[in-house]
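Protein chains in written order, with the working numbering: chain A, 7 to 339; chain B, 191 to 438; chain C, 40 to 132. All residues carry an ideal CB built from backbone N, CA and C; glycine is no exception. Model, not experiment: these values are computed from the prediction. Okay, so here's the structure we're looking at.
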Amino acid sequence: MAQVYGNDFTAPGETPARPATSDEPETFRALLEGEGRVEPRDDLPDAYRRTLVRQIAQHAHSEIIGMQPEGNWISRAPSLRRKAILMAKVQDEAGHGLYLYAAAETLGVDRADLLDQLHSGRQKYSSIFNYPTLTWADMGAIGWLVDGAAIVNQVPLCRCSYGPYARAMIRVCKEESFHQRQGFEILHTLSHGTPAQKAMAQDAVDRYWWPSLMMFGPPDDDSPNSAQSMAWGIKRFSNDDLRQRFVDMAVPQAEALGLTLPDPEIRWNEDRGHHDFGEVDFTELFEVIKGNGPCNAERMAHRVRAHEDGAWVREAANAYADKQAARPGADVA
Amino acid sequence: MTNAHADYVLGLADDALVSAQRMGWWISRAPQLEEDVALANIGLDQLGQARTLLAHAGSLEGEGRGEDDLAYFRDERDFRNVKLVERPQTDFAVTMARLLVFATWQAELYAVLAHSSDPTLAGVAGKAVKEVAYHVDHARQWVLRLGDGTDESHLRMQVAVDAEWPFVEELFGAVDPALVADGIAADPTVLRPAVLGRVGRVLGEATLTVPHLAPAVAGGREGLHTEHLGFLLAEMQHLSRSHPGASW
Amino acid sequence: MRDWPLWEVFVRSRRGLSHVHVGSLHAPDAEMALRNARDLYTRRQEGVSLWVVPAAEIVASSPDEADAFFDPAADKIYRHPTFYDVPEGVEHL
């Protein structure tokens, strides 16, 4: 299973989430029908709870792993202004991961267990972060395309039926509004810079365009979980609808950048009122999900190393807290 | 306005810049996710201080160099930071030991400089003094927990303090007496007991021992660095230098 | 190894307003919880004051009790000023 910024789908050969059953509690169905918000202590169907835990956890994992491709350029940012922006952005991703883990924990799971599942490969993160960041322009392409796609996916989640998830997403979306803009600004500066800079920008867009389209998941008729998620009010729009929305937004922005999108089939379709575009190669996506992307092993190794190297620190803090609590006259605070 | 004045500000700027560069390494590598966020905040504060101080040093120098010219187009012999901040800090105990010393020194320094006769420097210091107060607190919290945590953490924390200690003395190296007399710079002989007193109290509280170790060879303020700085700068500067004259 | 406990975080966004629940975090003790809350939840000047509370210490009403707890208030409309008729022309009432 892979989920991409709130877009949950199953790779071929994997079992989809259990289909809806009619034995959902009356109160739950009434809430959904009235567009009400479901809250942690409500009587929730198991399948709804499990789907949410997996989706929110994988969304959180994506934020955490997503720190790495951009963290890769903090030390090399070409100006101090860019360095500050990038540090703040990667920091935000840690923060967003934390907001999301907090939302998942309202469903009765522990963050440490979710992290264990990430570290052992039982839960996935967004495939987009398994692509390498090879040049500075990739910071622009990630901000513009990857964050742009994420925002298209995430904005509807602000109205998700599960209250804590929706609230976390409102906070995330508010903070993320600068992420896409700074990426666009990087590319705009590069594409109006020296020929070498412009080539760098075009190369980054060429590499990140198709993987960004893959972020919306497989086509609707190949997305077994989507219908259930929509019935539960977790998902509001289909994969293909969101992908189309993203393409329609990106095409004029690419023109403003003076960069081309690597798809000769992109053209305006008057009848549909949308841009037509070429077919996405989903076999690549499924290969990356299976672990065969360019950076899967490195991303996991980096994350696991950080966790293991920090174990003695976390343990020391526990030991200190215990000693403080045991001291005579110890106060709660 | 003399070159000594520009050089003094440049030294403080480089201290902050090199610290921020080292701190940035931690983002995605901290012992807990909350700490990723905390260390990024500290790094961002340091980077902000570096930028305003570099810009000020550039204007004092009067050759039209801005923050990025100074950060990206000077070689290691022209950097003026102390050696304390330039060595690798990929161990959490080392990072906290160093931050405790460095931020405490900055706190005492900026408290004085907030009243500097150089109004720009006074402005920067007045803002930074609140930031570094938080850094001192963060370092103190961790030094307490690691020093008085488990046997392993106590040992690692003491080893880290011992490793940083020889580089502490350079923070109190001589400053052009004219700058002190003119009320521009802080007197290092005044800073020294204040900083060492505060750091020593935290170490004691953390059940750690203040080391008795000879100071390392200084020289950072004259551009005589450890071998580590060259690699740090190579990484930081390579992209800018590959595209001279480009905007980003 | 024992995991750091969970803390709920409340932020007062500005003077004159109440603290509002914003989320949670993990910290080994109260002092660190407060600091982590500052770093995580007030990066964009969201607050002027913070509370952290051990999540385990919060006592919550249950949705099962919601009917018994909250519905009985529904018919006490005389508690609201709009329940009362005010004669035309009477002011400041």
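Measuring straight from C-alpha to C-alpha, what distance separates residue 153 (chain A) and residue 185 (chain A)?
So the two alpha carbons sit approximately 7 Å from each other.
Within its chain, find whatever has a CB closer than 7 Å to the CB of residue 339 (chain A); leave out the 5 residues flanking it on each side and keep chain order.
Per-residue confidence for residue 339 (chain A) stands at a pLDDT of 48, beneath the threshold of 50, marking its modelled position as unreliable; no derived number is given.
For the segment 217-228 of chain B, which residues have a CB atom closer than 9 Å to at least one CB atom of chain C, in sequence order?
Cβ contacts with chain C: 222, 223, 224, 225, 227, 228.
Can you pull out the residues from the segment 193-205 of chain B whose beta carbon lies closer than 9 Å to at least one beta carbon of chain C?
Per Cβ criterion, the list is empty.
Kindly list, in the order they appear in chain A, the residues whose Cβ is closer than 8 Å to that of residue 238 (chain B).
Here the neighbours are 90.
Of the residues B:206, B:221, B:389, which one's Cα is nearest the Cα of residue 271 (chain B)?
Residue 271 (chain B) has its Cα closest to that of B:206, out of B:206, B:221, B:389.
For the 8 Å Cβ check, are there 3 or more pairs between the segment 61-81 of chain C and the segment 98-113 of chain A?
Result yes; three or more Cβ-Cβ pairs closer than 8 Å.
Could you pull the start and end residues of the alpha helix (DSSP H) that residue 56 (chain A) belongs to?
First-last of the alpha helix (DSSP H) with residue 56 (chain A): 52-71.
Taking CB distances under 8 Å as the criterion, tell me whether residue 413 (chain A) reaches chain B.
What is shown of chain A runs 7 to 339, which leaves residue 413 (chain A) out entirely.
So what's residue 297 (chain A) in DSSP terms, helix, strand or just coil?
DSSP places residue 297 (chain A) in helix when its eight states are reduced to three.
Taking Cβ positions only, does residue 241 (chain A) come closer than 8 Å to chain B?
Answer no: the Cβ-Cβ gap between residue 241 (chain A) and chain B never drops below 8 Å.
Out of A:187, A:189, A:159, point me to the one whose CA is closest to residue 2 (chain A)'s CA.
Since the first residue shown for chain A is 7 and the last is 339, residue 2 (chain A) is missing from the structure and cannot be characterised.
Do residue 73 (chain C) and residue 61 (chain C) come within 8 Å of each other at the CB atom, strictly closer than that value?
No.
Could you check where the beta strand (DSSP E) with residue 283 (chain A) kicks off and where it finishes?
Here residue 283 (chain A) belongs to no beta strand (DSSP E), and DSSP marks it neither H nor E.
What's the call for residue 398 (chain B), buried or exposed, on a 16-neighbour Cβ count within 10 Å?
Label assigned to residue 398 (chain B): buried.
Relative to the C-alpha of residue 283 (chain B), which residue among A:328, A:69, A:317 is closest?
For residue 283 (chain B), the nearest C-alpha among the options comes from A:317.
Between the segment 401-414 of chain B and the segment 319-334 of chain B, do three or more beta carbon pairs fall short of 8 Å?
The segment 401-414 of chain B is not in contact with the segment 319-334 of chain B.
Buried or exposed: where does residue 293 (chain B) fall if 16 or more other Cβ atoms within 10 Å of its Cβ makes it buried?
Classification of residue 293 (chain B): buried, given that the 10 Å Cβ count is 16 or more.
Could you list the residues in the segment 48-60 of chain C with a C-beta less than 9 Å from some C-beta on chain B, going in chain order?
Answer in chain order: no residues at all.
For residue 295 (chain B), return the contacting residues in chain A, with the cut-off set at a CB-CB distance below 8 Å.
Under the 8 Å cutoff, chain A gives no residues; its nearest Cβ is about 22 Å from residue 295 (chain B).
Under a Cβ-count criterion, where at least 16 other Cβ atoms within 10 Å of its own Cβ denotes burial, should residue 336 (chain B) be classed as buried or exposed?
The residue is buried, with at least 16 neighbouring Cβ atoms inside 10 Å.
Below 8 Å between beta carbons: does that hold for residue 79 (chain A) and residue 139 (chain A)?
Contact flag set, yes.
Between which two residues does the beta strand (DSSP E) containing residue 60 (chain C) stretch?
Where residue 60 (chain C) is concerned, the enclosing beta strand (DSSP E) stretches over 58-65.
Could you check whether the Cβ of residue 119 (chain C) sits closer than 8 Å to any Cβ belonging to chain A?
Answer no: the Cβ-Cβ gap between residue 119 (chain C) and chain A never drops below 8 Å.
Going straight from the alpha carbon of residue 379 (chain B) to that of residue 367 (chain B), what length do you get?
Each residue's alpha carbon lies about 11 Å from the other.
For a contact defined as C-beta to C-beta under 8 Å, what are the partners of residue 331 (chain B) on chain C?
Those within 8 Å of residue 331 (chain B) in chain C are 70, 71, 74.
Kindly list, in the order they appear in chain C, the residues whose Cβ is closer than 9 Å to that of residue 328 (chain B).
Within 9 Å Cβ-Cβ: 74, 78.
Going along the chain, which residues of the segment 130-152 of chain A sit with their C-beta nearer than 8 Å to a C-beta in chain B?
Answer in chain order: 142.
Check residue 367 (chain B) in the structure and name its three-state DSSP category.
Helix at residue 367 (chain B).
Determine whether the beta carbon atoms of residue 81 (chain A) and residue 420 (chain B) lie at a separation below 8 Å.
Cβ atoms of residue 81 (chain A) and residue 420 (chain B): not closer than 8 Å.
Tell me the rounded alpha-carbon separation between residue 345 (chain B) and residue 318 (chain B).
So the two alpha carbons sit approximately 33 Å from each other.
What residue from A:164, A:282, A:252, A:143 has the CA that sits closest to residue 76 (chain A)'s CA?
Of the candidates A:164, A:282, A:252, A:143, the one whose C-alpha sits nearest the C-alpha of residue 76 (chain A) is A:143.
Looking at the secondary structure, which residues open and close the alpha helix (DSSP H) in which residue 273 (chain A) lies?
Note, residue 273 (chain A): premise wrong, no alpha helix (DSSP H); beta strand (DSSP E) at 273-275.
Check residue 213 (chain A) in the structure and name its three-state DSSP category.
Helix.
Indicate whether the contact test is met: 3 or more Cβ pairs, each with one atom in the segment 42-50 of chain A and one in the segment 119-136 of chain A, closer than 8 Å.
Output reads no: the segment 119-136 of chain A does not touch the segment 42-50 of chain A.
Looking at the C-beta of residue 64 (chain C), does it have a partner C-beta in chain B at a distance below 8 Å?
Chain B, which has a Cβ nearer than 8 Å to the Cβ of residue 64 (chain C), makes this yes.
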